[in-house]
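Each number in the numbering used here comes from the position in the sequence shown (counting from 1) with 240 added on. Cβ atoms here follow ideal geometry from the backbone N, Cα and C, with glycine treated the same way. The model shown is predicted, which means the values in this text are computed figures rather than measured ones. Structure, as structure tokens:
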Amino acid sequence: LTAIGSAGALLAMLLVFVGFQFAWLDFKAAFMLAGSGALVAAIAIFGFPNLKDGRVDSDAAQRDPIVLTRDYRYYYLLNLLDGARQQILFSFGLWVLVHHFGLGVPVISAVLIFTTTLSMLTGPRIGRLIDQHGERPVLAWVNVGYIISLTGYALVDNVVVACLCYIIYMFIAPLSNIGAATYLRKIAVPAEIAPSLAMGLTMQHMAAVVVPLATGYVLNFWGYEIPFLIAAGFASITILITRRLDPENQKSPRRLAVEAGRQPAAATTGS
241 LTAIGSAGAL LAMLLVFVGF QFAWLDFKAA FMLAGSGALV AAIAIFGFPN LKDGRVDSDA
301 AQRDPIVLTR DYRYYYLLNL LDGARQQILF SFGLWVLVHH FGLGVPVISA VLIFTTTLSM
361 LTGPRIGRLI DQHGERPVLA WVNVGYIISL TGYALVDNVV VACLCYIIYM FIAPLSNIGA
421 ATYLRKIAVP AEIAPSLAMG LTMQHMAAVV VPLATGYVLN FWGYEIPFLI AAGFASITIL
481 ITRRLDPENQ KSPRRLAVEA GRQPAAATTG S
């Protein structure tokens, strides 16, 4: 599914690149195309069946809308810090490339095309890193990468370095969500995974409301460099959180009870 989404994004970026390069598109036409695509997708969603284990299930499962519990506190913190950090780059990353370095639509599209293509080609291998090495080391190194790219973005006034820092950041960014989600799946009971993921998304939305407003004020009065240094600070705090991750010993009591209930059943079946 991720590959399909990346392929769609790549096609859209190619369309924008070619359209603006040859003056076939302007901003109004591009946004009308994007809005039309969103409308078609919204209509298509109404036809989605309710599936369970790959089969159509007429009875939709009932679950709590969100779950907030101390057992999943590190997952919530990861999402809050990741949301704060990523909103700074999403809000001001391309803005700096356009307004500070003067890049136009074709060049920005080329940067995004390269980033998306790189992610598509290496995505499966990158995703397997968490399976091979675990969440703690992978997330720690990913945040080191964030610190390097965000600090470079802030302190090196060079358009090539800025583009490279943006590409590096966007290339490793998916690992944060993947790592946090796999950590949650290892410590939570199945019934609480979906509502806990919803709570994590809510944490990111909270950061999305507050952080851009605050850092936008800072950007206007003290320059664009400061928000990116603040984002690097969020990544530094995240490293401290990742060092405390230990899925095997941080399973919730409900998860332990479920696993304890499976063991006698497995022993009985084996005998």
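Per-residue burial, Glu488 [other beta carbons within 10 Å of its own, 16 or more giving buried]: To locate residue 488, count along the sequence shown from 1; it is residue 248. Result: exposed.
Bounding residues of the alpha helix (DSSP H) (the contiguous stretch that carries Leu480): Counting from 1 along the sequence shown, the entry for residue 480 is found at position 240. That run of the alpha helix (DSSP H) goes 465-482.
Residue environment, Asp322, which counts as buried when at least 16 other CB atoms sit within 10 Å: Position 82 of the sequence shown holds residue 322. So Asp322 counts as buried.
Contact under 8 Å by Cβ, Ser436 with Leu379: For the purposes of this step, residue 436 is identified with residue 196 of the sequence shown, where counting begins at 1. For the purposes of this step, residue 379 is identified with residue 139 of the sequence shown, where counting begins at 1. Taking 8 Å as the Cβ cut-off, Ser436 and Leu379 do not qualify as a contacting pair.
Helix, strand or coil at Ile306 [DSSP, three-state]: Position 66 of the sequence shown, counted from the first residue, corresponds to residue 306. Reduced to three states, the DSSP call for Ile306 is coil.
Identity of the residue in Gln327, Ile348, Arg325 nearest Leu334 by Cα: On the sequence shown, residue 334 is found 94 positions in, with the first residue counted as 1. When each option's Cα is compared against that of Leu334, the closest is Ile348.
Cα-Cα separation, Ala500 to Arg494: Taking the first residue of the sequence shown as position 1, residue 500 is located at position 260. Taking the first residue of the sequence shown as position 1, residue 494 is located at position 254. So the two alpha carbons sit approximately 10 Å from each other.
Where the alpha helix (DSSP H) through Gly392 begins and ends: In the sequence shown, the residue the question calls residue 392 occupies position 152. Counting along the chain, the unbroken alpha helix (DSSP H) around Gly392 starts and ends at 375-395.
Own chain, CB closer than 7 Å to Val307, minus 5 neighbours either side, in chain order: If you number the sequence shown from 1, residue 307 lands on position 67. Counting only Cβ-Cβ distances below 7 Å, and skipping sequence neighbours, we find Glu432, Pro435, Ser436, Met439.
Proximity to Met272 [Cα-Cα], best of Leu250, Gln261, Val256, Gly287: As a position in the sequence shown, residue 272 is number 32, starting the count at 1. Here the closest residue by C-alpha is Val256.
C-alpha distance - Ala421 paired with Val498, whole-angstrom precision: Numbered from its first residue, the sequence shown carries residue 421 at position 181. Numbered from its first residue, the sequence shown carries residue 498 at position 258. Using only the alpha carbons, I get a separation of about 20 Å.
Whole-angstrom distance between Val458 and Gln261, CA atom to CA atom: For this step, residue 261 is matched to residue 21 along the sequence shown. For this step, residue 458 is matched to residue 218 along the sequence shown. Gln261 and Val458 have their C-alpha atoms roughly 34 Å apart.
Short Cβ contact (8 Å threshold) for Pro467 with Phe332: Taking the sequence shown and counting its residues from 1, one reaches residue 467 at position 227. Taking the sequence shown and counting its residues from 1, one reaches residue 332 at position 92. Yes, they are a contact pair.
Residue environment, Phe411, which counts as buried when at least 16 other CB atoms sit within 10 Å: In the sequence shown, the residue the question calls residue 411 occupies position 171. Counting Cβ neighbours within 10 Å, Phe411 comes out buried, since at least 16 surround it.
Distance, Tyr314 Cα to Met446 Cα: Stepping through the sequence shown from its first residue, residue 446 is reached at position 206. Stepping through the sequence shown from its first residue, residue 314 is reached at position 74. Straight-line Cα distance between these residues: approximately 17 Å.
Contact set for Leu318: own chain, Cβ-Cβ below 7 Å, skip 5 residues either direction: Sequence index remark: in the sequence shown, residue 318 carries index 78 (1-based). Correct list, in chain order: Ala420, Thr478, Ile481.
Spatial neighbours of Thr356 in its chain, beta-carbon cut-off 8 Å, leaving aside the 5 residues before and after: Within the sequence shown, numbered from 1, the residue matching residue 356 stands at position 116. Correct list, in chain order: Ser246, Ala249, Leu250, Met253.
Straight-line gap, Arg339 to Val345 (C-alpha atoms, nearest Å): Taking the sequence shown and counting its residues from 1, the one referred to as residue 339 is at position 99. Taking the sequence shown and counting its residues from 1, the one referred to as residue 345 is at position 105. According to the sequence displayed, residue 339 carries His and not Arg. Their backbone Cα atoms lie some 12 Å apart in a straight line.
Cβ neighbour criterion (16 or more within 10 Å) applied to Ser359: Working through the sequence shown from its first residue, we reach residue 359 at position 119. That one is buried.
Integer-rounded CB distance, given that Arg376 should sit under 8 Å from Arg483: In the sequence shown, counting from the first residue as 1, residue 483 sits at position 243. In the sequence shown, counting from the first residue as 1, residue 376 sits at position 136. The Cβ separation is near 7 Å, so the contact holds.
Spatial distance of Tyr393 from Ala402 (CA atoms): Counting from 1 along the sequence shown, the entry for residue 393 is found at position 153. Counting from 1 along the sequence shown, the entry for residue 402 is found at position 162. Tyr393 and Ala402: Cα-Cα distance of roughly 5 Å.
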